[in-house]
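Chains A and B are the protein sequences, given in the same order.
Numbering follows the numbering used here, with no gaps: position 212 of the first sequence is 212.
Numbering follows the numbering used here, with no gaps: position 90 of the second sequence is 1090.
For each residue, glycine too, the CB sits at the ideal point set by N, CA and C.
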Amino acid sequence: MSATLPLPATGYADANGRLCAERVRADFPILGREVHGRPLVYLDSAASSQQPRAVLDAVERYVTTTHANVHRGVHVLSQDATAAFEGARETVRRFINARSTREIIFTHGTTEAINLVAQAWGGAQLRSGDEVLITHLEHHANIVPWQMACARAGATLVAAPLTPNGELDVEAFAALLVPRTRLVALAHVSNALGTVLPVADLIALAHARGVPVLLDGAQAIAHQRVDVQQLDCDFYAFSGHKIYAPTGIGVLYGRESLLAAMPPWQGGGDMILSVAIERSTFNELPWKFEAGTPNISGAIGLGAALDYVDTLGRERVAAHEQMLLQIATARLREVPGLTLIGTARDKAGVISFTLAGIHPHDVGTILDREGIAIRTGHHCAMPVMTYYGLPATVRASFGCYSTAADIEALLAGLQRVREVFA
Amino acid sequence: MEIRDLYRDVILDHNRSPRNFGRLDPADAEAVGHNPLCGDSLSVTVRFEGDRLSELRFNGQGCAISVASASLMSEAVSGRPLGEVEALYREVHALLTEPAHVPGIPLGKLMALAGVREFPARVKCASLCWHTLHAALTRPAHPSAAPAVSTE
């Protein structure tokens, strides 16, 4: 992949205003490597996205010029590191349009963010006989923390069913919203099926009954504009590494009134104002929920990644991925024996499928030999697989750097799979 | 390493037409194996005659490597003294995991699994049936208390 395309740094759009993916690709060093002697075709961004030079540079600049612990020292490095870390928090706030940085908690990722709510909010609010309502298409990260919280409280976890094309059965969901329901926790986008849930409607239904809503935004944040005020959600969780930032950094957005009422969940340094052996006074938001030294360079990388996505243009990236989804859907339907799993009307750039008589893991190994990285397995969403009666699927997923050529490579790879198993 | 070193003709044949597929009922021992990474599961039922494993059947769903490995295993162990089955278990494990392992006993068609070693992500697929059989033999149990093993 050439990095010398004659385009200015801001020239990410072509003459028609569409995303110029070739220009985007030049920003991602890893896309220049080969796998098994072939150019890498990376179709696994839903598992983890790659990082652009802007993110790598921001992290390196921080580490080589600024790093020290935050919120502690009087020396220049600590003050500058604190400013950079809190600056990244402001970037996150702006990106999701939260009202205040007090509503932006840094976590390890989506999983930790949901666990935080399940333990701190759930621990304080859930009582015996209460219900937490999720859906049948959740990632394990939005199931297991609620099972644990419900078990501790004597509450019940309830899952709203799907329709055969992989959409949420909204009528059934509405019927499961009952006076016992204390919280709704939903995927914004299904990681296994690509389904975009009608979250605005679902939130309105829940709020009409006074029930707060947590959205698992891991698969949405990089692929459509997320505005927490417009959504009117109460919690929103996402991971940096799904939006071109490093692993090990994520965000919990929480409505300030809810966060303020929640007890801390982990104790330690940074989350306190004062400590005596008898008792401690807890810090203000957002630091009340950030015990210990945070992932400072990860937060700075996340801030750079969000700025990068805004430079590309979020609507432009979303439109590009929708175009790829349409191409991939049409092309894959031409493959004999291929069944698409999840055909919701509103989908993100995730496409799951099976090949008749060939297990997804065999597909994955043969594609890997062709340099094509896709995900195979249950995608940490085993209830979805159970619903479809499948042990696993093959999943291709797109990012801002994905191209129609990647899809053609996938098609050629699937032809190779069929030859091996002919 | 070419893809056909993994998907050899013997493997593809046993995947297409698995031998000894199904359940023995009643069985003298059984176990269930899970590969949590894949979501695959496999059950093994066996019967004994004296100190021999007279018959084995396996059931479940999995990739070509796991189905072929179980099918090849079922042929390799049926009729063998239990001591030899145990020796085969150890040899196959070494074949799948140790570089340039030279088997101490003839493995016959099981040598078709030699290519799996070069595909580390797939070793668990080939070894699941053997671990499951090992569990059935070391902890013979009533069906209601069948031991479950996991590759994780």
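Would you mind working out which of Cys400/A, Ser297/A and Trp146/A sits nearest proline 52/A, comparing C-alpha positions? Taking the first sequence and counting its residues from 1, one reaches residue 52/A at position 52. Among Cys400/A, Ser297/A and Trp146/A, the Cα nearest to that of proline 52/A belongs to Cys400/A.
Closest by CA to glutamine 230/A, which one among His67/A, Ala409/A, Gly210/A and Val199/A? Against the first sequence, residue 230/A aligns to sequence position 230. The residue with the shortest Cα to Cα distance from glutamine 230/A is Val199/A.
Could you tell me which whole beta strand (DSSP E) segments of length 3 or greater appear in the segment 332-397 of chain A? 338-341, 350-355, 375-377 and 393-397
Alpha-carbon spacing of alanine 381/A relative to alanine 192/A, whole angstroms: Residue mapping note: residue 381/A aligns to position 381 of the first sequence, counting from 1. Residue mapping note: residue 192/A aligns to position 192 of the first sequence, counting from 1. Going by the C-alpha atoms only, they are around 7 Å apart.
Is the CB of alanine 1112/B under 9 Å away from at least one CB in chain A? One-based indexing of the second sequence puts residue 1112/B at position 112. Chain A contact via Cβ: absent.
Taking the alpha-carbon of proline 1026/B as reference, which of Glu1055/B, Leu1096/B, Ile1065/B and Leu1128/B has the nearest alpha-carbon? Within the second sequence, residue 1026/B is the residue found at index 26, counting from 1. Closest by alpha carbon: Glu1055/B.
If distances are taken between C-alpha atoms only, which option among Arg127/A, Asp362/A and Asn16/A comes closest to valine 420/A? As a working mapping, residue 420/A is identified with position 420 in the first sequence. Cα-wise, what sits closest to valine 420/A is Asp362/A.
Is it the case that the Cβ atoms of methionine 262/A and alanine 153/A are separated by a distance below 9 Å? Taking the first sequence and counting its residues from 1, one reaches residue 262/A at position 262. Taking the first sequence and counting its residues from 1, one reaches residue 153/A at position 153. Contact flag unset, no.
First and last residue of the alpha helix (DSSP H) that includes alanine 409/A? For the purposes of this step, residue 409/A is taken as the residue at position 409 of the first sequence. Note, alanine 409/A: alpha helix (DSSP H), 404-420.
Could you tell me which residues DSSP puts in a beta bridge with arginine 1052/B? Numbered from 1 along the second sequence, position 52 holds the residue referred to as residue 1052/B. Answer is Glu1049/B and Pro1081/B.
List, in order along the chain, the chain A residues whose C-beta lies closer than 9 Å to that of alanine 1068/B? By 1-based counting over the second sequence, the position of residue 1068/B is 68. Result: empty, since nearest Cβ-Cβ is about 10 Å, beyond 9 Å.
Name the DSSP bridge partner or partners of glutamate 131/A? Here residue 131/A refers to the residue found at position 131 of the first sequence. Thr156/A and Thr181/A.
Helix, strand or coil at arginine 72/A according to DSSP, with G and I counted as helix: By one-based count along the first sequence, residue 72/A stands at place 72. If DSSP states are grouped into helix, strand and coil, arginine 72/A belongs with coil.
Taking 8 Å as the limit between beta carbons, can you name the residues of its chain near glutamate 321/A, skipping five residues before and five after? Within the first sequence, the letter at position 321 stands for residue 321/A. So the qualifying residues of the chain are His223, Ala348, Gly349, Phe398, Gly399, Cys400 and Ser402.
What residues of chain A sit near glycine 1039/B, judged by a beta carbon separation below 9 Å? As a position in the second sequence, residue 1039/B is number 39, starting the count at 1. Under the 9 Å cutoff, chain A gives Gly377, His378, Met382, Met385, Leu390, Pro391 and Ala392.
Once DSSP output is grouped into helix, strand and coil, what is the label at alanine 13/A? Within the first sequence, the letter at position 13 stands for residue 13/A. Three-state DSSP puts alanine 13/A in a strand.
May I ask you to report which of helix, strand or coil DSSP gives alanine 245/A? Translated into positions along the first sequence, residue 245/A becomes position 245. If DSSP states are grouped into helix, strand and coil, alanine 245/A belongs with coil.
Report, in whole angstroms, the separation of the C-beta atoms of glutamate 131/A and threonine 181/A, which I expect to be a contact under 8 Å. In the first sequence, the residue the question calls residue 131/A occupies position 131. In the first sequence, the residue the question calls residue 181/A occupies position 181. That belief holds up - the Cβ atoms of glutamate 131/A and threonine 181/A are roughly 5 Å apart, short of 8 Å.
Pairwise C-alpha distance: alanine 373/A and arginine 416/A: Position 416 of the first sequence, counting from 1, holds the residue named residue 416/A. Position 373 of the first sequence, counting from 1, holds the residue named residue 373/A. Taking the straight line from one Cα to the other gives about 15 Å.
Taking 9 Å as the cut-off, decide whether the C-beta atoms of serine 1078/B and asparagine 1059/B are in contact. Reading the second sequence from its first residue, position 78 is the one you call residue 1078/B. Reading the second sequence from its first residue, position 59 is the one you call residue 1059/B. No, they are not a contact pair.
For asparagine 283/A and alanine 187/A, I'd like the C-alpha separation in whole angstroms. Position 283 of the first sequence holds residue 283/A. Position 187 of the first sequence holds residue 187/A. If you take the alpha carbons of asparagine 283/A and alanine 187/A, they lie about 30 Å apart.
Suppose the cutoff is 6 Å on Cβ atoms and the five residues either side in sequence are ignored; what does the same chain contact list for phenylalanine 235/A look like? As a working note, residue 235/A is residue 235 in the first sequence. Once the five neighbours on either side are set aside, the close Cβ partners of phenylalanine 235/A are Val117, Leu214 and Gly254.
Going along chain A in order, which residues have a C-beta closer than 7 Å to the C-beta of cysteine 1125/B? Your numbering for residue 1125/B matches position 125 in the second sequence. Per Cβ cutoff of 7 Å: His361.
Compute the beta-carbon to beta-carbon distance between arginine 38/A and glycine 371/A, rounded to the nearest angstrom, for a pair I have assumed lies under 8 Å. Within the first sequence, residue 38/A is the residue found at index 38, counting from 1. Within the first sequence, residue 371/A is the residue found at index 371, counting from 1. Yes, arginine 38/A and glycine 371/A are in contact; Cβ-Cβ is about 3 Å, under 8 Å.
Between which two residues does the alpha helix (DSSP H) holding valine 275/A run? Within the first sequence, numbered from 1, the residue matching residue 275/A stands at position 275. Taken as a continuous stretch (DSSP letters only), valine 275/A belongs to no alpha helix (DSSP H), being part of the beta strand (DSSP E) at 272-275.
Alpha carbon of leucine 1133/B to alpha carbon of glutamate 1030/B, nearest angstrom: Within the second sequence, the letter at position 133 stands for residue 1133/B. Within the second sequence, the letter at position 30 stands for residue 1030/B. Leucine 1133/B and glutamate 1030/B: Cα-Cα distance of roughly 8 Å.
Is the Cβ of valine 424/A closer than 9 Å to any Cβ of chain B? No answer is possible for residue 424/A: the residues shown for chain A start at 1 and end at 422.
Secondary structure at leucine 126/A, three-state DSSP: helix, strand or coil? If you number the first sequence from 1, residue 126/A lands on position 126. Coil.
What does the alpha-carbon distance come out to for the pair leucine 5/A and aspartate 44/A? For the purposes of this step, residue 5/A is identified with residue 5 of the first sequence, where counting begins at 1. For the purposes of this step, residue 44/A is identified with residue 44 of the first sequence, where counting begins at 1. Summary for leucine 5/A: the model assigns pLDDT 47, below 50, so the residue's position carries little reliability; its value from the coordinates is reported in the next sentence. So the alpha carbons of these two residues sit roughly 25 Å apart.
Distance between beta carbons of glutamate 112/A and glutamate 256/A, contact taken as under 8 Å: Residue mapping note: residue 256/A aligns to position 256 of the first sequence, counting from 1. Residue mapping note: residue 112/A aligns to position 112 of the first sequence, counting from 1. Not quite, the Cβ-Cβ distance comes to about 20 Å (not below 8 Å), so this is no contact.
Please state the DSSP three-state secondary structure of threonine 101/A. If you number the first sequence from 1, residue 101/A lands on position 101. It is helical.
Which same chain residues end up closer than 7 Å to valine 63/A when comparing Cβ atoms and leaving out the 5 residues on each side of it in sequence? Walking along the first sequence from the start, residue 63/A turns up at place 63. Cβ neighbours of valine 63/A beyond the five flanking positions: Ser297.
Are the beta-carbon atoms belonging to arginine 395/A and phenylalanine 353/A less than 9 Å from one another? Counting from one through the first sequence, the residue named residue 395/A turns up at place 395. Counting from one through the first sequence, the residue named residue 353/A turns up at place 353. For arginine 395/A and phenylalanine 353/A, yes; Cβs fall inside 9 Å.
Please check if any C-beta of chain A sits within less than 9 Å of the C-beta of aspartate 1013/B. The residue you call residue 1013/B lines up with position 13 of the second sequence. By this cut-off, aspartate 1013/B is not an interface position.
Quick one: using the 10 Å Cβ neighbour count with 16 as the cut-off for buried, is glutamate 334/A buried or exposed? Here residue 334/A corresponds to residue number 334 of the first sequence, with the count starting at 1. Burial call: exposed.
Measure from the C-beta of asparagine 365/A to each C-beta in chain B and report whether the shortest distance is under 9 Å. For the purposes of this step, residue 365/A is taken as residue 365 along the first sequence, with counting starting at 1. Before going further, note that residue 365/A is threonine rather than asparagine in the sequence given. Chain B, which has a Cβ nearer than 9 Å to the Cβ of threonine 365/A, makes this yes.
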